[in-house]
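For the sequence shown, the residue numbers in my numbering are 5 to 75.
Backbone N, C-alpha and C define an ideal beta-carbon position, used for all residues, glycine too.
Keep in mind it's a predicted model, so treat the numbers as computed, not measured.
See below for the structure under consideration.
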Amino acid sequence: MKSLQQLGEAVAVERRALRLKQKDVAMQAGITPESLLRFERGQVSEFGSRKLLAVLAVLGMEVTFVKVGTS
5 MKSLQQLGEA
15 VAVERRALRL
25 KQKDVAMQAG
35 ITPESLLRFE
45 RGQVSEFGSR
55 KLLAVLAVLG
65 MEVTFVKVGT
75 S
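Rendered as structure tokens:
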């Protein structure tokens, strides 16, 4: 993923696939539903790492780092 917007979209897709509501994921992650809504819609200029990791944990996802530009 190359942008925060793409990351938010991926989170939204997974949340919907798990049939979870934004408010429930937000509550479990310790953030406001509005914050999650704006993140999923790509309406934030930053989304802190603590928030991101908490949301990903609720969804059973994790961050993986991949070096780009090497082949």
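So, using beta-carbon positions, are residue i and residue j closer together than 8 Å?
i: residue 57; j: residue 15; result: no
i: residue 37; j: residue 26; result: yes
i: residue 30; j: residue 40; result: yes
i: residue 59; j: residue 33; result: yes
i: residue 44; j: residue 73; result: no
Quick one: give me the first and last residue of the alpha helix (DSSP H) that residue i is part of.
i: residue 12; result: 8-21
i: residue 48; result: Element bounds for residue 48: n/a, residue is neither H nor E.
Quick check on the burial criterion: 16 or more other C-beta atoms within 10 angstroms. Buried or exposed for residue i?
i: residue 69; result: exposed
i: residue 50; result: exposed
Do you know whose CA, among the options, lies nearest residue i's CA?
i: residue 35; options: 8, 52, 13; result: 52
i: residue 9; options: 42, 28, 20, 61; result: 42
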